Amino acid sequence: MRLLWLSALACNGNAHALLNYPRFEEWQEDFEWLYHPLLPSTHTLAEVEEGIDGVEILLVDGTLEEGLVKNRLAYKQLFERYAVEAKYIVTVGTCATFGGIFAQGGEGRSGLHFSGERRHGFFDGFWEKTLSLPGCPVQPEVLAGTLSLLRSEEPLPLDTLHRPKYFYAHTVHDGCTRNEYFEYKIDEHRFGALEGCMFYEHGCQGTFTHGSCNKILWNGVHSKTRAGTPCMGCTEPDFPREGLWHTSKRMGIPARLPLGVPRRAYLSLAGIAKAFHIERLERPMMEDKRG
Ligand code: SF4
Ligand code: SF4
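1 is the number of the first residue of the sequence shown in the working numbering; add one for each residue after it.
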């Protein structure tokens, strides 16, 4: 399948993440890069500007900015030329999807269809063929897996933001190795340590962030929460939020509760959990001489 990758305001993080995909070489045998800024490609950017044929999937990377010029052409003009022809458009990463970090640094910046949580409608004609793959960067398994599913014409149900449910239906909390600590409200956490849930004091957003990070481990190895840092919610439209690594509270209760959990239910469950004292979970197990 023939791919065209157009970067706008981008740090190349998505491309670098993809290069770390453990099955990258085998995976890319199924694809041809018509143009990619870092990978061997059939065409140069100058040729892409002149006009090339055969684009099947258009990958959009980076934050869009009004008046942005790519090499010699307006990015918008370049995008529209190939968006018409492509069978699918994929927004790669949070910047291309929602605006992300770069959107905070200037006027007239947004994702392809969204400014944060708001649909802006500039490219509505292309909405139906667009898939959103947010993440900062997008998990390589998610990007490679989505492109393979499109290639094999597998059904790919999407959520309301057009994120493939296969990768984004569940939350990052799902599969986190710290769930037992979450259940008993234990946040005896030190960054990098193996114990404690980071929801109560350290700003973990895993319970309300859609993503597969704890089910499909990054490069088959790890995830943020497994390594001992909180999830920062990078797949969501309001990323980046302020006050990372800190849990904002209202009257002692986390201001933002796990997805779909009503405040009253949370208070009841938290009260019960707090009534128990689970010594095994409250001591640092790696340093404890008692075993
Ligand atoms: S550290 Fe985050 S993702 Fe893990 S159990 Fe706690 S809230 Fe959930
Ligand atoms: S753990 Fe959270 S912040 Fe980290 S990559 Fe996954 S969704 Fe993004």
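Beta carbons are placed, not taken as given, at the ideal position from N, Cα and C, and that holds for glycine.
Quantities reported herein were computed from a predicted structural model and do not represent experimental measurements.
Any heavy atom of ligand 2 inside 7 Å of the beta-carbon of G233? In the sequence shown, counting from the first residue as 1, residue 233 sits at position 233. The answer is yes for G233.
Pull the bridge partners of E32 from the DSSP assignment, please. The sequence position of residue 32 within the sequence shown is 32, counting from 1. E32 pairs with R2.
For ligand 2, I want to know if G145 counts as a neighbour, meaning its beta carbon is within less than 7 Å of at least one of the ligand's heavy atoms. Numbered from its first residue, the sequence shown carries residue 145 at position 145. No, ligand 2 has no heavy atom inside 7 Å of this Cβ.
Pairwise C-alpha distance: R280 and T97: Counted from its first residue, the sequence shown places residue 97 at position 97. Counted from its first residue, the sequence shown places residue 280 at position 280. Cα-Cα distance, rounded: 43 Å.
Just verifying my parser: in three-state terms, what is the DSSP assignment at P164? Counting from one through the sequence shown, the residue named residue 164 turns up at place 164. The answer is strand: DSSP assigns P164 an E or B state.
With DSSP as the reference, please indicate the residues paired to W218 in a beta bridge. Taking the sequence shown and counting its residues from 1, the one referred to as residue 218 is at position 218. Per DSSP, H222.
Applying the criterion that 16 or more other CB atoms from any shown protein chain within 10 Å of the CB defines a buried residue, is N71 buried or exposed? If you number the sequence shown from 1, residue 71 lands on position 71. Per the 10 Å Cβ criterion, exposed.
Taking DSSP as the reference, what is the three-state secondary structure of F182? Residue mapping note: residue 182 aligns to position 182 of the sequence shown, counting from 1. In this structure, F182 counts as helix in the three-state DSSP scheme.
So what does DSSP say about K87, is it helix, strand or coil? The sequence position of residue 87 within the sequence shown is 87, counting from 1. Secondary structure of K87 (DSSP, three-state): coil.
Just the residues with CB closer than 7 Å to a heavy atom of ligand 1, in chain order, which are they? V172, H173, C176, R178, N179, Y181, F182, C197, M198, F199, C204, G206, T207, N214, T225, P230, C231
Status (buried if at least 16 other CB within 10 Å, exposed otherwise) for I272: Along the sequence shown, read from residue 1 onward, the residue named residue 272 stands at position 272. The residue is exposed, with fewer than 16 neighbouring Cβ atoms inside 10 Å.
Should the segment 98–108 be regarded as contacting the segment 21–33, the criterion being three or more beta carbon pairs within less than 8 Å? No: the two stretches stay apart, fewer than three of their Cβ pairs being nearer than 8 Å.
Per-residue burial, P137 [other beta carbons within 10 Å of its own, 16 or more giving buried]: The sequence position of residue 137 within the sequence shown is 137, counting from 1. It is buried - the Cβ of P137 has at least 16 other Cβ atoms within 10 Å.
Give a single yes or no on whether S223 has its beta carbon closer than 7 Å to a heavy atom of ligand 2. Looking up residue 223 in the sequence shown gives position 223. For ligand 2, a non-hydrogen atom lies closer than 7 Å to the CB of S223.
Count the C-beta pairs between the segment 4–16 and the segment 34–41 that are closer than 8 Å, then say yes if the count reaches three, no if not. yes
Beta-carbon proximity check, K87 vs I57, cutoff 8 Å: Counting from one through the sequence shown, the residue named residue 87 turns up at place 87. Counting from one through the sequence shown, the residue named residue 57 turns up at place 57. Cβ atoms of K87 and I57: closer than 8 Å.
Alpha carbon of A83 to alpha carbon of A46, nearest angstrom: Numbered from 1 along the sequence shown, position 83 holds the residue referred to as residue 83. Numbered from 1 along the sequence shown, position 46 holds the residue referred to as residue 46. In a straight line, the C-alpha of A83 is about 18 Å away from that of A46.
Relative to the C-alpha of W245, which candidate in C204, H43, L194, R263 has its C-alpha closest? Your numbering for residue 245 matches position 245 in the sequence shown. The shortest C-alpha separation from W245 is found at C204.
Indicate whether P140 and A8 have their beta-carbon atoms separated by less than 8 Å. By 1-based counting over the sequence shown, the position of residue 140 is 140. By 1-based counting over the sequence shown, the position of residue 8 is 8. For the 8 Å CB-CB criterion, P140 and A8 do not form a contact.
Indicate whether the contact test is met: 3 or more Cβ pairs, each with one atom in the segment 150–160 and one in the segment 173–187, closer than 8 Å. no
Is the beta carbon of F79 closer than 8 Å to that of L6? In the sequence shown, the residue the question calls residue 6 occupies position 6. In the sequence shown, the residue the question calls residue 79 occupies position 79. Yes.
When burial is assigned at 16 or more other CB atoms within 10 Å of the CB, is D224 buried or exposed? Your numbering for residue 224 matches position 224 in the sequence shown. The sequence given here places Lys at residue 224; Asp does not occur at that position. Under the 10 Å beta carbon count, K224 is surrounded by 16 or more other beta carbons and is classified as buried.
Run through the segment 18–65 for me and flag every whole alpha helix (DSSP H) of 4 or more residues, listed as ranges in chain order. 24–28, 45–50
Which class does F114 belong to by DSSP, given the choice of helix, strand or coil? Here residue 114 corresponds to residue number 114 of the sequence shown, with the count starting at 1. Strand, per DSSP.
Residue interval of the beta strand (DSSP E) (run including L133): Residue numbering aside, residue 133 sits at position 133 when the sequence shown is read from its first letter. Per DSSP, L133 belongs to the beta strand (DSSP E) from 130–133.
How close, in whole Å, do the beta carbons of T209 and E236 come, if the pair is a contact with beta carbons under 8 Å? Position 209 of the sequence shown holds residue 209. Position 236 of the sequence shown holds residue 236. Contact flag correct, Cβ pair sits at about 6 Å.
In chain order, what residues of the same chain lie with their CB nearer than 6 Å to the CB of K274, ignoring the 5 residues before and after it? Numbered from its first residue, the sequence shown carries residue 274 at position 274. Excluding sequence neighbours, K274 sits near K185.
If I'm right that G292 touches G116 with Cβ under 8 Å, what's the distance once you round it to whole angstroms? This structure cannot settle anything about residue 292, because the visible part of the chain is limited to 1 through 291.
Given H162, which residues of its chain have a CB within under 7 Å of its CB, disregarding the five upstream and five downstream residues? Taking the sequence shown and counting its residues from 1, the one referred to as residue 162 is at position 162. By the criterion of a C-beta distance shorter than 7 Å, H162 is surrounded in its chain by T130, L131, S132, once the five residues flanking it on both sides are discounted.
Exposed or buried, S268, counting other C-beta atoms within 10 Å across all chains shown (16 or more means buried)? Within the sequence shown, numbered from 1, the residue matching residue 268 stands at position 268. With fewer than 16 other Cβ atoms within 10 Å, it is exposed.
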